[in-house]
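Residue numbers (this note's numbering): -8 to 416.
Backbone N, C-alpha and C define an ideal beta-carbon position, used for all residues, glycine too.
As the structure is a prediction and not an experimental result, all values here were calculated from the model.
Take a look at the structure set out below.
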């Protein structure tokens, strides 16, 4: 069956995929950049590899983009600190590649070539990995098959599998059986995911539920965040801080007015508003909306702060640190395409609010079940929830303790995953 799927994949899927990328590149700058920057991929790879001590074992981590790489970072850091190895990191997307070029624990950072049989063979022969680790879901069959031919241990880490995954459809299921059967270990985030992976007839000794490194990563980042000083000491003394993180216009249409109304009843409430994309046009639109309703100031003008109730964030990359100052938080995306990261505020032990679109986040669903997350569906629910949280310290702190406990109960995946990988180092 492997030969049948290999022929089908290379004769049908790969040509269609290449055609898709070439057409999509005409309309999508990200795809265009990815194709353009891959043109000298192998030449650059040959040059970069000459600078490495090839006597050391080569551990290779692959992530689709920045989000998946964040999950890999705790594992990479631990492996590098405990072993004398070379470590190569590859990405499929330009955003992950460009934002990680200075990552201190990687000896080499590169793109993964498009998954033709020739590219896969050339890449594996050049890199000569001792171990290959794929993060989450970005698995490329020709590369996997080449690794298997070279008898390289292959890991799938932070693996998830939904009950109704398209990978379980009749023909897709047969294909993925042929693919997953090549992995040395599939390390899932939960027992539920493990059960769904078993539908692909994976051997018992090749699959384990070890947890999710996102918990370890967000905890690690929260420790660093506490040492950063985004605001002057005492600026929020006696205040109650509500952070709206990564908010889209759809979120603000529901949540913003209730917060402003709550501020009128309780002037000690401070709103830190963090737009998902803080473009100049977006910021000006928000300022115009807030004008006349409440007083606001941009984060970059904070030296002139005079007690404004709304601080509008016009910088990027500081959201997790902003949650540190919060007494409660709203996570955006949950009235649009899907919620953003709920673990980032939960790690600080605060109530986490969000809208109803949470199908893409098992963590958001679990937080609700445990009592650390609160879903709001309209303005009335938003106002009632915000007023209750900020008028009842015992209620707010109790819900926050649930969030904190949820994070702490799920720490430790990095240790378990590293242990499995180090068996082959």
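**Proximity winner among 187, 181, 183 and 182, relative to residue 171 (alpha-carbon distances)** = If you number the chain shown from 1, residue 171 lands on position 180. Of 187, 181, 183 and 182, the residue nearest in Cα terms is 187.
**Item:** Simplified DSSP assignment, three categories, for residue 418
**Value:** Since the first residue of the chain shown is -8 and the last is 416, residue 418 is not available in this structure.
**Message:** Determine whether the beta carbon atoms of residue 70 and residue 8 lie at a separation below 9 angstroms.
**Reply:** In the chain shown, counting from the first residue as 1, residue 70 sits at position 79. In the chain shown, counting from the first residue as 1, residue 8 sits at position 17. The answer is no: Cβ separation not under 9 angstroms.
**Item:** Limits of the beta strand (DSSP E) - the one that residue 235 falls within
**Value:** The residue given as residue 235 occupies position 244 in the chain shown. Run containing residue 235: 231 to 238, per the beta strand (DSSP E) assignment.
**Candidates 306, 176 and 393: closest to residue 407 by CA position** = Stepping through the chain shown from its first residue, residue 407 is reached at position 416. Considering only alpha carbons, the answer is 176.
**Request:** Using the DSSP secondary-structure output, state which residues sit across from residue 313 in a beta bridge.
**Result:** The residue labelled residue 313 in the question sits at position 322 within the chain shown. Answer by DSSP bridge pairing: none, since residue 313 is not bridged.
**Message:** Using DSSP's beta-bridge definition, name the partner residues of residue 198.
**Reply:** Walking along the chain shown from the start, residue 198 turns up at place 207. Per DSSP, 177.
**Prompt:** CB residue 253 to CB residue 377, shorter than 9 angstroms?
**Reply:** In the chain shown, the residue the question calls residue 253 occupies position 262. In the chain shown, the residue the question calls residue 377 occupies position 386. Contact flag set, yes.
**Asked** What are the boundary residues of the beta strand (DSSP E) that includes residue 113?
**Response** Counting from 1 along the chain shown, the entry for residue 113 is found at position 122. Note, residue 113: premise wrong, no beta strand (DSSP E); alpha helix (DSSP H) at 108 to 118.
**Message:** Quick check: what's the CA-CA separation for residue 331 versus residue 325?
**Reply:** Mapped onto the chain shown, residue 331 falls at position 340. Mapped onto the chain shown, residue 325 falls at position 334. Distance between the alpha carbons of residue 331 and residue 325: 7 angstroms.
**Asked** Buried or exposed: which applies to residue 321, given that a residue is buried once 16 or more other Cβ atoms fall within 10 Å of its Cβ?
**Response** For the purposes of this step, residue 321 is identified with residue 330 of the chain shown, where counting begins at 1. With 16 or more other Cβ atoms within 10 Å, it is buried.
**Prompt:** Using CA coordinates, which residue listed in 128, 44 and 75 is at the minimum distance from residue 54?
**Reply:** Here residue 54 refers to the residue found at position 63 when the chain shown is read from its first residue. Of the listed residues, the one whose Cα sits closest to residue 54 is 128.
**Item:** C-alpha distance - residue 217 paired with residue 142, whole-angstrom precision
**Value:** The sequence position of residue 217 within the chain shown is 226, counting from 1. The sequence position of residue 142 within the chain shown is 151, counting from 1. The alpha-carbon atoms of residue 217 and residue 142 are separated by roughly 44 angstroms.
**Asked** By the 10 Å Cβ neighbour count, where 16 or more other Cβ atoms means buried, how is residue 385 classified, buried or exposed?
**Response** Position 394 of the chain shown holds residue 385. Counting C-beta atoms within 10 angstroms of its own C-beta, residue 385 has fewer than 16 neighbours from the protein chains shown and is therefore classed as exposed.
**Item:** Endpoints, beta strand (DSSP E) assigned at residue 152
**Value:** As a first step, residue 152 must be located in the chain shown, where it is residue number 161. It is not in any beta strand (DSSP E) - residue 152 carries neither H nor E in the DSSP assignment.
**Request:** Specify the secondary structure class of residue 205 as computed by DSSP and reduced to three states.
**Result:** Locating residue 205 in the chain shown gives position 214, counting from the first residue. If DSSP states are grouped into helix, strand and coil, residue 205 belongs with the helices.
**Request:** Take residue 138 as the anchor and find which of 163, 50, 93 and 372 has the nearest alpha-carbon.
**Result:** Taking the chain shown and counting its residues from 1, the one referred to as residue 138 is at position 147. With distances taken between Cα atoms, residue 138 lies closest to 50.
**Message:** One question on the structure: do residue 65 and residue 151 come within less than 9 angstroms of each other, judged by their Cβ atoms?
**Reply:** For the purposes of this step, residue 65 is taken as residue 74 along the chain shown, with counting starting at 1. For the purposes of this step, residue 151 is taken as residue 160 along the chain shown, with counting starting at 1. Taking 9 angstroms as the Cβ cut-off, residue 65 and residue 151 do not qualify as a contacting pair.
**Request:** Rounded to whole angstroms, what's the CA-CA distance from residue 246 to residue -3? Just pull it up for me.
**Result:** Counting from 1 along the chain shown, the entry for residue 246 is found at position 255. Counting from 1 along the chain shown, the entry for residue -3 is found at position 6. Distance between the alpha carbons of residue 246 and residue -3: 51 angstroms.
**Message:** Against chain C, does residue 292 count as a neighbour if the rule is that its beta carbon must be under 9 angstroms from one of theirs?
**Reply:** This model lacks chain C altogether; it includes just one protein chain.
**C-beta atoms of residue 279 and residue 299 nearer than 9 angstroms** = Counted from its first residue, the chain shown places residue 279 at position 288. Counted from its first residue, the chain shown places residue 299 at position 308. Cβ atoms of residue 279 and residue 299: not closer than 9 angstroms.
**Prompt:** In or out: residue 231 buried (at least 16 other Cβ within 10 Å) or exposed?
**Reply:** For the purposes of this step, residue 231 is taken as the residue at position 240 of the chain shown. The Cβ neighbour count for residue 231, taken over all protein chains shown within 10 Å, is at least 16; the residue is labelled buried.
**Item:** Residue interval of the alpha helix (DSSP H) (run including residue 357)
**Value:** For this step, residue 357 is matched to residue 366 along the chain shown. That run of the alpha helix (DSSP H) goes 353 to 361.
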